[in-house]
Amino acid sequence: MKKIMTLCLVRANSQILLGFKKRGFGAGRWNGFGGKLKPGEDLLTACRRELLEESGLTAIECEKKAIMHFRFMDDTDEIEVHLFEVKEFTGEPVETEEMRPQWFYKNEIPFDKMWPDDRFWFPYFLEGKNFEGQFFFRDQNKLVDCKITEVANVL
C-alpha cells in the first residue's frame, strides 16, 4: 500500500524554516511541515493545511520541487512524499502541539538532528533543483540506499 504525504519547506531571506517534531512519526527530529492527505484533498490543499496547522503560516505561493519514495525494511508500505517550496506566505511562525518552528541559514541546517536521508536530497532543494528520490531504510535511523535524480519537471 502507498501512503501519500506532503512536505513543505518555507524559504525566506536566505533562511529555511524547519520544525522540531514534538510527537508522532519522526519525533525528536527537525523537519519540514506536512503530513497525510485527508479524503478528497489534493496535494496543494494538504500542503497548505499542514503548514497552517503545524506552524501558523498561510502559504500563498507554493512550488512542487520533488517526489520522494521511502521504504522501510520492516514495513510493506511505501511512503510517497511530495515536496513543496513555500516562497510566499503570511503570518509569523508559532509553536504548536506538534512542531516548534525555527529559522536556519543554509550553513546552520542541523543535519545531525534530521532524518538520515535529508543530507542527500536537501542540497538539491537548496540549489532550487527539481528532483525525484528513492530511499530505503533498515529502520528509522539507518539509511541503506538512496538514489536521487534531477528532473526538468515534477509531475
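Here my numbering is used: the first residue of the sequence shown is 16, the next is one more, and so on.
The beta-carbon is built from N, C-alpha and C at its ideal position, and this holds for glycine as well.
Mapping DSSP to helix, strand and coil, what is residue i?
i	result
Glu123	helix
Arg115	strand
Leu72	coil
Ala167	coil
Leu52	coil
Check each candidate in the options and name the one with the smallest Cα separation from residue i.
i	options	result
Glu165	Arg153, Asp127, Lys80	Lys80
Trp130	Leu67, Gln155, Leu59	Gln155
Arg64	Cys23, Phe146, Phe140, Lys128	Cys23
Glu107	Leu72, Ile124, Glu123, Asp92	Leu72
Lys157	Phe85, Met114, Thr111	Phe85
Pop quiz: residue i and residue j are said to be a contact at Cβ under 8 angstroms. What is the actual Cβ separation, rounded to whole angstroms?
i	j	result
Gln30	Trp136	That belief does not hold up - the Cβ atoms of Gln30 and Trp136 are roughly 19 angstroms apart, past 8 angstroms.
Lys162	Ile94	Incorrect: roughly 16 angstroms between the Cβ atoms, too far for contact.
Phe99	Cys77	5 angstroms
message: List, from N- to C-terminal side, the alpha helix (DSSP H) runs of 4 residues or more that fit wholly inside the stretch 124-148.
response: The stretch 124-148 contains these whole alpha helix (DSSP H) runs: 133-141.
query: Between the stretch 108-123 and the stretch 25-39, are three or more C-beta pairs nearer than 8 angstroms?
result: Verdict: yes, contact present.
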